[in-house]
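So the protein sequences, as listed, match chains A and B.
Quick note: the first sequence uses this note's numbering, first residue 25, plus one each step.
Quick note: the second sequence uses this note's numbering, first residue 1424, plus one each step.
For glycine and all other residues, C-beta sits at the position ideal for the given N, C-alpha and C.
Computed from a predicted structure; not experimentally measured.
See below for the structure under consideration.
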Amino acid sequence: MGEVAVKLSGVSVAYDGVAVLEDIDLTIEAGKYVGILGPNGAGKSTLLKVILGLIQPAKGEVRVFGQPPQKLRLRGQGAGYLPQRPLTNPTFPVSVLDVVLMGRYGRIGLARRPGREDRDLALLQLERLGIRHLAGKLIGEISGGEQQRVFIARALGVEPRLLVLDEPTISLDVCVQDEVFELVYALKEKLDLTVLVVSHDIGGVARHVDDVICINRRIHVHQPPPIGRLGLESTFGCSIEYLFHGEIPHRVVKAQDD
Amino acid sequence: MIDLLSLGFLQRALMAGILVSLLCGALSSFVVLRRMAFIGVGISHSAFGGVALGFLLGVDPLFTGIGFAVLVAVLIEWAQAHTRVQEDTAIGIFFAASMALGLVFLHLSRVYNVDVFGYLFGNILAVGNRQVVEILVVTVVVLALLLAFFKEIVFISFDEEMAWVSGVPVKALRYLFLVLMALVVMVSIYLVGIILISALLVIPGAIAQNLSRQFTGMIWWSTGVAVGSTVGGLALSYGLDFPSGATIVLVLAAFYLLTSGLRPRRLSRS
Chain A
25 MGEVAVKLSG VSVAYDGVAV LEDIDLTIEA GKYVGILGPN GAGKSTLLKV ILGLIQPAKG
85 EVRVFGQPPQ KLRLRGQGAG YLPQRPLTNP TFPVSVLDVV LMGRYGRIGL ARRPGREDRD
145 LALLQLERLG IRHLAGKLIG EISGGEQQRV FIARALGVEP RLLVLDEPTI SLDVCVQDEV
205 FELVYALKEK LDLTVLVVSH DIGGVARHVD DVICINRRIH VHQPPPIGRL GLESTFGCSI
265 EYLFHGEIPH RVVKAQDD
Chain B
1424 MIDLLSLGFL QRALMAGILV SLLCGALSSF VVLRRMAFIG VGISHSAFGG VALGFLLGVD
1484 PLFTGIGFAV LVAVLIEWAQ AHTRVQEDTA IGIFFAASMA LGLVFLHLSR VYNVDVFGYL
1544 FGNILAVGNR QVVEILVVTV VVLALLLAFF KEIVFISFDE EMAWVSGVPV KALRYLFLVL
1604 MALVVMVSIY LVGIILISAL LVIPGAIAQN LSRQFTGMIW WSTGVAVGST VGGLALSYGL
1664 DFPSGATIVL VLAAFYLLTS GLRPRRLSRS
């Protein structure tokens, strides 16, 4: 086994006394591309937030590259993160370049201005995502797919080793969804990233994932096979896919688009 | 005009007015974009409790006012972070309670010669040298802190969660911004009074939003508009013999109405 990127041991999280995650043990190797699936309210986003350090678990221990996530964050070495709804205020008057630069702020440090190299790096990220020409546009002026690319570029601003994406395609057209997944895979390969992606779109994720984590308060890791890359690819030829496992059966539905 | 400016009280009024409006203008864009208009109202009204406490204890109302406003701002923030209460409910509770406390303090102090009306609606012409110095100190401190943490405050205004993940100390900056607001509110009392401060904290930013597409552009516009309206409002109030604070606020409101038709952009709200 190679380097461990994420390790959760006995992690439990509860909101107002209601368990969201229970006794999660999970190890993700560095360099893996991991899809996280589960029904609404299963704790997918919560799991990501625990890994990012945004939520402190009631019990258990979280390690990202062997360190507590809060410690990495304060050193500006935290994970790259794409939240589920990254644009909470679409009329906020900032340019695309400013948004990408924000990803660098933690590394730049308090009370210091972004320098030339920060700007160059932000432009490089935009270049990588094929949207350099949008640098001067307002964030609210560009399309949903372009916005998603901007926010992925921002996530790369921390120069992360771990990239965490929460429903990166939720509000996008079908063809744009595929583009985003392809893009993320290309970035993973190029930058040698570990990628965690929560998605409802199993088909899109399945093309590249190494592991699938099914979650419904408790966790179930599929290493291929039975539902590895090949398994998922072949099973998603049909229009509806049912997966049953564990105590709580759940269903995953994917409509074909052609 | 030169004759007018040779009058000491007018010089001080103008100086104080420009400094205060500079501060309010600089903060106003953040207040608007962070949707903090109501907390501005809350902090300003709670300052009344502090001012009255100053009378009761016989100390400079500025210091008790700042203390009280900061305390209430921090309590509102703490309550919404640690209890089930919503922010607007917390503001509603704290500002009413501190105003009520202020009335009780005034009653207990048995001081009948204080200009309560001046604190409520502003009396810039009564500003003395000491107040001008106080305002100057607050202006320097607030602008320095705002400049130092400018990029982080923009980031938390845009997206707090991402700012946190990127390593920005979000909680500390949220408290810092509230303290800055409390300081600005306190010195604005001289200009427009407790009741009307929220106008200075909100309207310049709202006008700037009508005029600029860029955040830094917004800051320049809101600061310029605040200073311009203050100077214009003071001149107008002198000419018409109107109350100065109210005139400034009316000039700002008129400016807002005029610029509302000029929105430079219509962003798709998806």
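Could you check the C-alpha separation between residue i and residue j for me, to the nearest Å?
i: A/ARG253; j: A/VAL221; result: Bear in mind that the predicted position of A/ARG253 carries a pLDDT of just 43, short of 50, making it too unreliable to give a figure here.
i: B/PRO1666; j: B/THR1639; result: 33 Å
i: A/ASP144; j: B/LEU1543; result: 51 Å
i: A/VAL42; j: A/GLY102; result: 29 Å
i: B/MET1522; j: B/ALA1470; result: 8 Å
i: B/SER1467; j: B/ARG1507; result: 24 Å
i: B/LEU1479; j: B/LEU1624; result: 29 Å
i: A/GLY62; j: A/ARG136; result: 42 Å
i: B/ILE1626; j: B/GLY1477; result: 30 Å
i: B/SER1621; j: B/ARG1458; result: 12 Å
i: A/ASP234; j: A/GLU213; result: 13 Å
i: B/ALA1475; j: B/ALA1519; result: 14 Å
i: B/VAL1482; j: B/TYR1661; result: 32 Å
i: A/GLN94; j: B/VAL1654; result: 49 Å
i: A/LEU160; j: A/PRO81; result: Looking at the sequence shown, residue 160 of chain A is not Leu but Gly. Distance between the alpha carbons of A/GLY160 and A/PRO81: 40 Å.
i: A/GLY67; j: A/ARG128; result: 29 Å
i: A/ASN240; j: A/LEU98; result: 31 Å
i: B/ILE1516; j: B/ASP1664; result: 37 Å
i: A/ASP285; j: A/GLN149; result: Any answer about residue 285 of chain A is impossible in this case: the structure gives chain A only from 25 up to 282.
In its own chain, which residues sit with a C-beta less than 6 Å from the C-beta of residue i, not counting the 5 before and 5 after it?
i: B/TRP1644; result: ALA1631, LEU1634 and SER1635
i: A/ILE52; result: ALA29, VAL30 and VAL58
i: A/ARG195; result: Note that residue 195 of chain A is Ser in the sequence shown here, rather than Arg. Answer for A/SER195: GLY168, listed in chain order.
i: A/LEU217; result: LEU187
i: B/SER1452; result: GLY1628, ALA1631, MET1641, ILE1642 and SER1645
i: A/HIS232; result: TYR57 and TYR209
i: B/GLY1448; result: PRO1627, SER1645, THR1646 and ALA1649
So residue i is in the alpha helix (DSSP H); what residue range does that whole segment cover?
i: A/ASN240; result: Unbroken run through A/ASN240 is the beta strand (DSSP E), 235-240; no alpha helix (DSSP H).
i: B/SER1635; result: Premise fails: B/SER1635 is in no alpha helix (DSSP H) and is neither H nor E.
i: B/ASP1582; result: That residue, B/ASP1582, is in no alpha helix (DSSP H); it is neither H nor E in DSSP.
i: B/GLY1541; result: 1539-1544
i: A/GLU183; result: First-last for A/GLU183: undefined, no H or E at that position.
i: B/TRP1485; result: First, the residue type needs correcting, since residue 1485 of chain B is Leu and not Trp in the sequence shown. Note, B/LEU1485: alpha helix (DSSP H), 1484-1505.
i: A/ILE166; result: A/ILE166 -> no alpha helix (DSSP H), and no H or E assigned at all.
Could you name the residues of the same chain whose beta carbon sits closer than 8 Å to that of residue i, not counting the 5 residues immediately before and after it, in chain order?
i: B/GLY1616; result: GLY1541, TYR1542, LEU1543, PHE1544, GLY1545, ASN1546 and GLY1668
i: B/VAL1591; result: GLU1575, PHE1578 and ILE1579
i: B/PHE1572; result: LEU1596 and LEU1599
i: B/VAL1539; result: LEU1529
Quick one, are the C-beta atoms of residue i and residue j less than 8 Å apart?
i: A/PRO117; j: A/LEU158; result: no
i: A/VAL204; j: A/VAL124; result: no
i: B/LEU1614; j: B/ALA1496; result: no
i: A/MET126; j: A/ARG87; result: no
i: B/LEU1456; j: B/THR1646; result: no
i: A/ILE79; j: A/VAL37; result: yes
i: A/VAL219; j: A/LEU180; result: no
i: A/GLY77; j: A/SER33; result: no
i: A/ARG131; j: A/GLY100; result: yes
i: B/VAL1609; j: B/LEU1450; result: First, the amino acid is wrong: residue 1609 of chain B is Met here, not Val. No, the Cβ-Cβ distance between B/MET1609 and B/LEU1450 is not below 8 Å.
i: A/PRO192; j: A/GLY104; result: no
i: B/ILE1441; j: B/VAL1602; result: no
i: B/PHE1678; j: B/LEU1548; result: no
i: A/VAL182; j: B/SER1589; result: yes
i: A/THR112; j: A/GLY164; result: no
i: B/THR1670; j: B/LEU1659; result: yes
i: A/ARG152; j: A/LEU211; result: yes
i: A/LEU71; j: A/ILE60; result: yes
i: B/VAL1672; j: B/ILE1558; result: no
i: A/LEU106; j: A/ASP197; result: no
i: B/SER1652; j: B/LEU1685; result: no
Leaving aside the five residues before and after residue i along the sequence, list all residues of the same chain whose C-beta is less than 7 Å from its C-beta, in chain order.
i: B/LEU1461; result: In the sequence on display, residue 1461 of chain B carries Phe and not Leu. Within the same chain, B/PHE1461 has close Cβ partners ASP1511 and ILE1514.
i: B/VAL1550; result: ARG1435, ALA1436, ALA1439 and TYR1613
Can you give me the start and stop residues for the beta strand (DSSP E) that residue i sits inside?
i: A/SER36; result: 28-39
i: A/GLY104; result: 104-106
i: A/LYS83; result: 83-88
i: A/GLU203; result: Where A/GLU203 is concerned, there is no enclosing beta strand (DSSP E), although the alpha helix (DSSP H) it sits in stretches over 198-215.
i: A/GLU46; result: 42-53
i: A/THR218; result: 218-222
i: B/ILE1462; result: No beta strand (DSSP E) contains B/ILE1462, which is instead part of the alpha helix (DSSP H) from 1460-1480.
- [ ] Below 8 Å between beta carbons is the criterion; list the residues of the region 1575-1603 of chain B that meet it against any residue of chain A, in chain order.
- [x] GLU1575, VAL1577, PHE1578, SER1580, PHE1581, ASP1582, GLU1584, MET1585, ALA1586, TRP1587, VAL1588, SER1589, GLY1590, VAL1591 and PRO1592
TODO: Check each residue of the region 1625-1653 of chain B: if its Cβ is closer than 8 Å to any Cβ of chain A, include it; give the result in chain order.
DONE: GLN1632, SER1635, ARG1636, GLN1637, PHE1638, GLY1640 and MET1641
- [ ] Output, in sequence order along the chain, the residues in the region 134-163 of chain A whose CB is closer than 8 Å to any CB in chain B.
- [x] LEU134, ALA135, ARG137, PRO138 and LEU162
TODO: Select from the region 107-119 of chain A all residues with a C-beta closer than 9 Å to any C-beta belonging to chain B, and list them in chain order.
DONE: PRO107, PRO110, LEU111, THR112, ASN113, PRO114, THR115, PHE116, PRO117, VAL118 and SER119
TODO: Residues of the region 1560-1575 of chain B with a CB closer than 7 Å to any CB of chain A: list them in chain order, please.
DONE: ALA1571, PHE1572, LYS1574 and GLU1575
- [ ] With 8 Å as the limit, tell me which residues of the region 84-100 of chain A have their beta carbon closer than that to any beta carbon of chain B; keep them in chain order.
- [x] ARG97, LEU98, ARG99 and GLY100
- [ ] Below 7 Å between beta carbons is the criterion; list the residues of the region 1455-1473 of chain B that meet it against any residue of chain A, in chain order.
- [x] LEU1456
Task: the region 119-131 of chain A: positions lying closer than 9 Å to chain B by Cβ - done: SER119, ASP122, VAL123, LEU125, MET126, GLY127, ARG128, TYR129, GLY130 and ARG131
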